[in-house]
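Undergrad: One structure follows; several queries about it will come next.
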Amino acid sequence: MIIVRIEELSWPEFDRIKDKVVAVILPVGSVEAHGRHLPLGTDVFAPLKIAELVEQKVRERGKEVLVMPPIWYGHSFALNAYPGTINVRPESLRMYVGDVLAELAAEGFKKIVLLNGHGGNVYPLTEAAEDVAELYPDVEVYLINWWLDFREDILSVCSGQGHAGEDETSVMLAIRPELVNMREARGRRVKRKIRVIKKDIGKEVFPDGLNDDPSSATAEKGERILQIVSESIARIILGEEG
Ligand SMILES: [Zn+2]
Numbered sequence: 614m615i616i617v618r619i620e621e622l623s624w625p626e627f628d629r630i631k632d633k634v635v636a637v638i639l640p641v642g643s644v645e646a647h648g649r650h651l652p653l654g655t656d657v658f659a660p661l662k663i664a665e666l667v668e669q670k671v672r673e674r675g676k677e678v679l680v681m682p683p684i685w686y687g688h689s690f691a692l693n694a695y696p697g698t699i700n701v702r703p704e705s706l707r708m709y710v711g712d713v714l715a716e717l718a719a720e721g722f723k724k725i726v727l728l729n730g731h732g733g734n735v736y737p738l739t740e741a742a743e744d745v746a747e748l749y750p751d752v753e754v755y756l757i758n759w760w761l762d763f764r765e766d767i768l769s770v771c772s773g774q775g776h777a778g779e780d781e782t783s784v785m786l787a788i789r790p791e792l793v794n795m796r797e798a799r800g801r802r803v804k805r806k807i808r809v810i811k812k813d814i815g816k817e818v819f820p821d822g823l824n825d826d827p828s829s830a831t832a833e834k835g836e837r838i839l840q841i842v843s844e845s846i847a848r849i850i851l852g853e854e855g
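First residue of the sequence shown: 614, per the numbering used here; consecutive thereafter.
Below you can see the structure in the form of structure tokens.
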């Protein structure tokens, strides 16, 4: 099976295929601390893999989607307390993603899936999608925050959910096990009634850069989550549900 990657195409090749796709998927994530056991790129690895599975499932039904190169940097205030977190301001992310969405709309794509892997991106991405919706009334942006939108399904597989927790760790064990250090996979859930915003709050809310107990994560759980989430998104794109 040949997977089309637009960054590998020439413009005439791109021009030939773009009318055939039913949707484009733009994965967005962050470069951010994820406990001591997960790589900084976790929030991109996960949605990119989900996007690739969606592409495969849509193709099996005789249709095409195009997976765009991901946007790696996101908004991450709290986790910026840890080395390796590259935080961009929400307005920068809104403008940047908004520009990319507008370009995709100008290319003629009518259904754009923003596949988000990171909590701090939710508001800027919502605003970016609204900006494009105002400019292009015939374009639909599907903003999917996979760990939130499919929370019920995920909790039927995992006992808990949280930053660098059982669900994310399981998904990473399924995608890139060599990047996961399960000997360091321990943590706890820190609950706060209200949100306090101050410099380095992440040290309190995300001790060691996580906020859950990832110790019972397995690759098998991760594979089930990836399959459930990607199948649901494939159906949504093809109008089979939701
Ligand atoms: Zn994450």
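Virtual Cβ for every residue (Gly too), placed ideally from N, Cα, C.
Which full runs of the alpha helix (DSSP H) of 4+ residues lie inside the segment 701-779, going along the chain?
TA: 703-719, 735-748, 759-762, 764-768
Undergrad: Ligand 1 and D656: does the residue's C-beta get closer than 7 Å to at least one heavy atom of that ligand?
TA: Counting from one through the sequence shown, the residue named residue 656 turns up at place 43. Yes, since a heavy atom of ligand 1 falls inside the 7 Å radius drawn around the Cβ of D656.
Undergrad: Would you tell me roughly how many angstroms separate the C-alpha atoms of D821 and E668, rounded to the nearest one?
TA: Indexing the sequence shown from 1 puts residue 821 at position 208. Indexing the sequence shown from 1 puts residue 668 at position 55. Each residue's alpha carbon lies about 35 Å from the other.
Undergrad: Would you check if the distance between the CB atom of S772 and the CB atom of E779 is smaller than 8 Å?
TA: Walking along the sequence shown from the start, residue 772 turns up at place 159. Walking along the sequence shown from the start, residue 779 turns up at place 166. The Cβ-Cβ distance between S772 and E779 falls below 8 Å.
Undergrad: Between which two residues does the alpha helix (DSSP H) containing E677 stretch?
TA: The count along the sequence shown starts at 1 and reaches residue 677 at position 64. Where E677 is concerned, there is no enclosing alpha helix (DSSP H), although the beta strand (DSSP E) it sits in stretches over 677-680.
Undergrad: For the alpha helix (DSSP H) that A847 lies in, which residues bound it at each end?
TA: Residue 847 sits at position 234 when you count from the first residue of the sequence shown. It spans 832-850 - the alpha helix (DSSP H) in which A847 sits, taken as one unbroken run.
Undergrad: Determine whether the beta carbon atoms of S643 and D656 lie at a separation below 8 Å.
TA: Within the sequence shown, residue 643 is the residue found at index 30, counting from 1. Within the sequence shown, residue 656 is the residue found at index 43, counting from 1. Their beta carbons are under 8 Å apart, which means S643 touches D656 by this criterion.
Undergrad: Grouping DSSP H, G and I as helix and E and B as strand, with all else coil, what is L653?
TA: Position 40 of the sequence shown, counting from 1, holds the residue named residue 653. Coil at L653, not helix or strand.
Undergrad: Here's a check: name, in chain order, each residue in its chain whose Cβ is nearer than 7 Å to the Cβ of L839, leaving out the five neighbours to either side.
TA: Numbered from 1 along the sequence shown, position 226 holds the residue referred to as residue 839. The residues are K662, I663, L666, V784, A787.
Undergrad: Buried or exposed, going by whether 16 or more other CB atoms sit within 10 Å of the CB of K834?
TA: Against the sequence shown, residue 834 aligns to sequence position 221. It counts as buried.
Undergrad: Is it right to say S623 is buried, meaning 16 or more other beta carbons lie within 10 angstroms of its own, or is it exposed?
TA: Within the sequence shown, residue 623 is the residue found at index 10, counting from 1. So S623 ends up on the exposed side.
Undergrad: According to DSSP, what are the bridge partners of G815?
TA: On the sequence shown, residue 815 is found 202 positions in, with the first residue counted as 1. Bridge partners of G815: none, in fact.
Undergrad: I'd like to know if the segment 704-712 and the segment 668-679 are in contact, where contact means that at least 3 CB-CB pairs between them fall below 8 Å.
TA: no
Undergrad: Does P696 come out as helix, strand or coil in the three-state DSSP assignment?
TA: For the purposes of this step, residue 696 is taken as residue 83 along the sequence shown, with counting starting at 1. If DSSP states are grouped into helix, strand and coil, P696 belongs with coil.
Undergrad: Taking only the alpha-carbon atoms, compute the straight-line gap between A606 and D712 and give it to the nearest angstrom.
TA: The chain is shown only over 614 to 855; residue 606 falls outside these bounds and no answer can be derived.
Undergrad: With distance defined between alpha-carbon atoms, name the residue in I814, V680, S828, P682 nearest to A777.
TA: Residue 777 sits at position 164 when you count from the first residue of the sequence shown. Ranking I814, V680, S828, P682 by Cα distance to A777 puts S828 first.
Undergrad: Using alpha carbons as the reference points, say which of G721, V726, K804, E740 lies closest to D751.
TA: As a position in the sequence shown, residue 751 is number 138, starting the count at 1. For D751, the nearest C-alpha among the options comes from G721.
Undergrad: What whole-angstrom Cβ distance do V754 and V745 have, given they're in contact under 8 Å?
TA: Residue 754 sits at position 141 when you count from the first residue of the sequence shown. Residue 745 sits at position 132 when you count from the first residue of the sequence shown. Confirmed, Cβ separation roughly 6 Å.
Undergrad: Which one or two residues does DSSP pair with V634 in a beta bridge?
TA: For the purposes of this step, residue 634 is taken as the residue at position 21 of the sequence shown. Partner(s): E677.
Undergrad: Which same chain residues, not among the five before or five after A715, have their C-beta less than 7 Å away from its C-beta?
TA: Within the sequence shown, residue 715 is the residue found at index 102, counting from 1. Around A715: V745, L748.
Undergrad: According to the neighbour-count rule (16 or more other Cβ atoms, all chains shown, within 10 Å of its Cβ), is I767 buried or exposed?
TA: Counting from 1 along the sequence shown, the entry for residue 767 is found at position 154. So I767 counts as buried.
Undergrad: Between D826 and P625, what straight-line distance do the alpha-carbon atoms span, to the nearest angstrom?
TA: The sequence position of residue 826 within the sequence shown is 213, counting from 1. The sequence position of residue 625 within the sequence shown is 12, counting from 1. When rounded, the distance between both Cα atoms is 49 Å.
Undergrad: Check whether the Cβ atoms of E620 and P703 sit closer than 8 Å, and answer yes or no.
TA: As a first step, residue 620 is located in the sequence shown; it is residue number 7 there, counting from the start. As a first step, residue 703 is located in the sequence shown; it is residue number 90 there, counting from the start. The answer is no: Cβ separation not under 8 Å.
Undergrad: Exposed or buried, which one is R850 when buried takes at least 16 other CB atoms within 10 Å?
TA: For the purposes of this step, residue 850 is taken as the residue at position 237 of the sequence shown. As written in the sequence, residue 850 is Ile, which differs from the Arg given in the question. Flag for I850 reads buried.
Undergrad: Just to check, is the beta-carbon of A777 closer than 7 Å to a non-hydrogen atom of ligand 1?
TA: Your numbering for residue 777 matches position 164 in the sequence shown. For ligand 1, at least one heavy atom lies less than 7 Å from the Cβ of A777.
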